[in-house]
């Protein structure tokens, strides 16, 4: 079932989201200071491309990851998380959009705390 969801996701916005996250990663990697944030954008871009069948596990970061998460949250994260929350809520208003809205809720988590997040395949 996740394969079908991923194909539908890819056709109706997943590829565009992948391209946008990749462009954001490229822009952030232009400066030396932005490289860690750009790398996180590339990781999120690969997750956005094929999200069904994957789960996020948050909280595996040390002091450096905590500092980077705080910087990310102040400058980038809250806007991304808010955008994904709004899109997720709008998609959940329809029965057909619920699975896609749930995926946007996953992206909202990553929008808040990308450093130290682990993405792994679910057992479903």
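Residue numbers (UniProt numbering): 1 to 124. Here a beta-carbon is modelled for each residue, glycine too, at the ideal position from N, C-alpha and C.
#1: Determine the contact status of residue 104 and residue 116, defining contact as a CB-CB distance below 8 Å.
#2: Let's see if you can read the secondary structure: which residues bound the alpha helix (DSSP H) around residue 104?
#3: What's the C-alpha gap between residue 84 and residue 108?
#4: On the three-state DSSP scale, how would you describe residue 44?
#5: Determine, using beta carbons only, whether residue 2 and residue 53 come nearer to each other than 8 Å.
#6: Cutting at 6 Å between CB atoms, please list the residues of its own chain near residue 38, excluding the five before and the five after it.
#7: Taking residue 168 as the reference, which of 70, 5, 44 has the closest Cα?
#8: Residues in its own chain within less than 6 Å of residue 40 by CB, not counting five upstream and five downstream?
#9: Could you give the distance in angstroms between the alpha-carbon of residue 111 and the alpha-carbon of residue 79?
According to the data block:
#1: No, they are not a contact pair.
#2: 98–112
#3: 5 Å
#4: helix
#5: yes
#6: 25, 28, 29
#7: For the chain, the structure presents residues 1 to 124; residue 168 sits outside this window and is missing.
#8: 114
#9: In a straight line, the C-alpha of residue 111 is about 8 Å away from that of residue 79.
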